[in-house]
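Each residue of the sequence shown is one higher than the one before, counting from 56 in this note's numbering.
The C-beta atom is built at its ideal place from N, Cα and C for all residues, glycine as well.
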Amino acid sequence: MENVIDEQALNSIRDQLQEDPFNQGLHQQVYDALSGQDEARALIDFYRQLQRNNPDDWRHLVNLARAYSQTGKDSLAVVQLQKLLRSDPSLKEVWMDLARCYQRLKKVELALRALNSAIEVDPGFAEAHIERVRLLTSTDELEEAAAAVVFSLECEQLKPHVAEWLEEVDAHLESGYRPPDELLQRQLNLA
Numbered sequence: 056m057e058n059v060i061d062e063q064a065l066n067s068i069r070d071q072l073q074e075d076p077f078n079q080g081l082h083q084q085v086y087d088a089l090s091g092q093d094e095a096r097a098l099i100d101f102y103r104q105l106q107r108n109n110p111d112d113w114r115h116l117v118n119l120a121r122a123y124s125q126t127g128k129d130s131l132a133v134v135q136l137q138k139l140l141r142s143d144p145s146l147k148e149v150w151m152d153l154a155r156c157y158q159r160l161k162k163v164e165l166a167l168r169a170l171n172s173a174i175e176v177d178p179g180f181a182e183a184h185i186e187r188v189r190l191l192t193s194t195d196e197l198e199e200a201a202a203a204v205v206f207s208l209e210c211e212q213l214k215p216h217v218a219e220w221l222e223e224v225d226a227h228l229e230s231g232y233r234p235p236d237e238l239l240q241r242q243l244n245l246a
């Protein structure tokens, strides 16, 4: 069943997003309604208008970048995210979005730089530590992955279950083996 949403409903969602820009449920409704091949332009226009209506709220620029990514335009998303990070480099989640865009664009070195920047902003940002190790192992940079794990394990702010995961990964890397995919893709509670 297709999710059909009329203009009035979209306007209502737009109004709600002005108050709560990171409301995932609202974004999912917009994506469901406007993510068909013929709707890519409408999705971008929706978020562009929201950003224009709220130019002082950085979260709307992030949402526009995410809409570009949703439509397969990660290069345009990168431009928006870089613009935002030039004005405020302390936004760790934006560094993560940038890293994901670079990963999809197969720009591993730039993705690693973005992940490192996120860790610089918040040394205890577990998601960035984990993603860095996953990225390095996925590109078979096992020695670099081992070094990243050692660096991450020195971070006292990481939760015990994240440190345990890193230690498991490290055991494989120190033995000279790529960790199994089940371990690398294990879902960790980061909340």
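Residue from the options whose Cα sits closest to the Cα of residue i
{"i": "L245", "options": "W220, E62, Y123", "result": "W220"}
{"i": "L197", "options": "A226, P215, C210, V176", "result": "A226"}
{"i": "A202", "options": "V188, V217, N109", "result": "V188"}
{"i": "D129", "options": "N109, H115, K162, N108", "result": "K162"}
{"i": "Q125", "options": "I174, Y102, R69", "result": "Y102"}
{"i": "N109", "options": "S142, L191, D75", "result": "D75"}
{"i": "F77", "options": "W113, G127, Y157, E94", "result": "W113"}
{"i": "N66", "options": "Q79, D100, Q212, R96", "result": "D100"}
{"i": "R241", "options": "V149, I185, S207", "result": "I185"}
{"i": "E199", "options": "E175, Q212, R233, D70", "result": "R233"}
{"i": "L191", "options": "L228, L81, E94", "result": "L228"}
{"i": "D61", "options": "L72, T194, D87, G179", "result": "D87"}
{"i": "D195", "options": "G179, P235, E175", "result": "P235"}
{"i": "A122", "options": "S145, G91, D111", "result": "G91"}
{"i": "E209", "options": "A95, S193, Q137, I174", "result": "I174"}
{"i": "G127", "options": "Y157, D143, Q137", "result": "Y157"}
{"i": "S193", "options": "L167, Q137, D143, L119", "result": "L167"}
Residue j beta carbon less than 7 Å from that of residue i
{"i": "E223", "j": "L238", "result": "yes"}
{"i": "K214", "j": "D177", "result": "no"}
{"i": "L89", "j": "L98", "result": "yes"}
{"i": "A169", "j": "A154", "result": "yes"}
{"i": "V217", "j": "A181", "result": "yes"}
{"i": "L165", "j": "Q135", "result": "no"}
{"i": "Q272", "j": "I68", "result": "Examination of residue 272 is not possible in this model, given that the chain is present from 56 through 246 alone."}
{"i": "D160", "j": "V149", "result": "According to the sequence provided, residue 160 is Leu. The question's Asp does not apply to it. The answer is no: Cβ separation not under 7 Å."}
{"i": "L81", "j": "Q71", "result": "yes"}
{"i": "G179", "j": "Q212", "result": "yes"}
Start and end residues, alpha helix (DSSP H) containing residue i
{"i": "S90", "result": "Careful: S90 lies outside any alpha helix (DSSP H) and carries neither H nor E."}
{"i": "L139", "result": "129-142"}
{"i": "S207", "result": "197-208"}
{"i": "P215", "result": "215-229"}
{"i": "L153", "result": "147-159"}
{"i": "A246", "result": "That residue, A246, is in no alpha helix (DSSP H); it is neither H nor E in DSSP."}
{"i": "D70", "result": "62-74"}
{"i": "D236", "result": "236-239"}
{"i": "E186", "result": "181-193"}
C-beta neighbour in chain D for residue i, strict 7 Å
{"i": "L167", "result": "Protein chain content of the structure displayed is limited to a single chain, and chain D is not contained in it."}
- Query: Which whole runs of the beta strand (DSSP E) in the stretch 97-133 are 3 residues long or more, in chain order?
  - Reply: You should have found no qualifying run.
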